[in-house]
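Notes for the one structure printed next.
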DNA sequence: CTCGCCTCTCACGTCAACGTCAGGTTTTAC
DNA sequence: GTAAAACCTGACGTTGACGTGAGAGGCGAG
């Protein structure tokens, strides 16, 4: 498939796909006219890349991790890297949970009837 | 206290503190010579700001939320905003957990004895 | 009073992951 | 064969949360 189709299938922009290739994250063959062609599994690869981006990893880190995910590389170093990133994500989740708890406290306070919240207020906000 | 002390106490740079003030997140009184002075509770305020930044909120969103946290504002709109941000954090946590699971799978594979991992490899990586 | 450190206000630099526009080529549909 | 749609390669723009000087002024110790 060509880049436009991959873009619509994955919901990622054409520009982003070209950027992924530039970063070495996504390979493509070229037609005689120079257009990129992708295999079907490129869709999953793009999803994976997006997932890792969403987890706060940088292009560089993803580039380092992908060979491990592809199971092409399996060294003590690569496993250490994998664990390091997993731990980083764990710490980030912990931070997010703390922020969430803090927000929940504020929400509980602001919604407690003792604090000026009327039934109609709540209902209006829900609408 | 002055800005340098607040910076060392919170671990945040002086530049960042000035930026927070510029964004309306952190108030300070001024000495006759124009220097910023902070009360002790500014430390907690900075921690809170940092927590919300870490949760992926923008300066603008934090600016909107702080009056709610201070319980100075309590409208249906403000409560809706609080819930919206909490839900956004929840979704982000979910995404992070998915990424973490994915990484865990890869780690499990790379560490399975069937995949070329020897005991010494693991021990070396742990050191 | 002066030395040294802290602080002040501009104001430009940075970095990542793209967005966007320009100008030209390839592919597809008819 | 031709027009439209999709694609190509640069290359500059964007955004947020600061970093990093430059040059000038404030402030406590001796």
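Chains as they are written, first to last, in this note's numbering: chain A, 38 to 164; chain B, 38 to 164.
Every residue gets a Cβ at the ideal spot worked out from N, C-alpha and C, and that includes glycine.
Sequence-distant residues of the same chain with beta carbon closer than 7 Å to residue i, five excluded per side
| i | result |
| --- | --- |
| residue 44 (chain A) | 50, 51, 54 |
8 Å CB neighbourhood of residue i in its chain, flanking five on each side removed
| i | result |
| --- | --- |
| residue 94 (chain B) | 102, 122 |
| residue 110 (chain B) | 104 |
| residue 159 (chain A) | Residue placement at residue 159 (chain A) cannot be trusted, given a pLDDT of 46 that sits under 50; the coordinates are not used to answer. |
| residue 67 (chain B) | 73, 74 |
| residue 58 (chain A) | 64, 65, 73 |
| residue 80 (chain B) | 43, 46, 47 |
Buried or exposed by the 16-neighbour rule on C-beta atoms within 10 Å, applied to residue i
| i | result |
| --- | --- |
| residue 108 (chain A) | exposed |
| residue 129 (chain A) | buried |
| residue 97 (chain A) | exposed |
| residue 62 (chain B) | buried |
| residue 64 (chain B) | exposed |
| residue 82 (chain B) | buried |
| residue 137 (chain B) | buried |
| residue 76 (chain B) | exposed |
| residue 39 (chain B) | exposed |
| residue 157 (chain A) | Any answer about residue 157 (chain A) is weak, because its pLDDT of 46 lies below 50 and its placement is not dependable; what the coordinates show is given next. So residue 157 (chain A) counts as exposed. |
Neighbour list for residue i in chain A, Cβ cutoff strictly below 7 Å
| i | result |
| --- | --- |
| residue 129 (chain B) | 133 |
Within chain B, the residues that residue i reaches when beta carbons sit closer than 8 Å
| i | result |
| --- | --- |
| residue 147 (chain A) | 105, 108, 111, 115, 116, 119 |
| residue 123 (chain A) | 137, 140, 141, 144 |
Own chain, CB closer than 6 Å to residue i, minus 5 neighbours either side, in chain order
| i | result |
| --- | --- |
| residue 42 (chain A) | none |
| residue 113 (chain B) | none |
| residue 85 (chain B) | none |
| residue 144 (chain B) | none |
Interface partners of residue i on chain B, CB under 9 Å
| i | result |
| --- | --- |
| residue 78 (chain A) | Ordered by position in chain B, no residue passes the 9 Å Cβ test against residue 78 (chain A), which lies about 16 Å from the chain. |
Proximal residues of chain A, C-beta to C-beta of residue i below 8 Å
| i | result |
| --- | --- |
| residue 126 (chain B) | 133, 136, 137, 140 |
Item to complete: Select from the segment 80-91 of chain B all residues with a C-beta closer than 9 Å to any C-beta belonging to chain A, and list them in chain order.
Response: 85, 88, 89, 91
Worksheet item: Between the segment 71-89 of chain B and the segment 127-144 of chain B, are three or more C-beta pairs nearer than 8 Å?
Response: no
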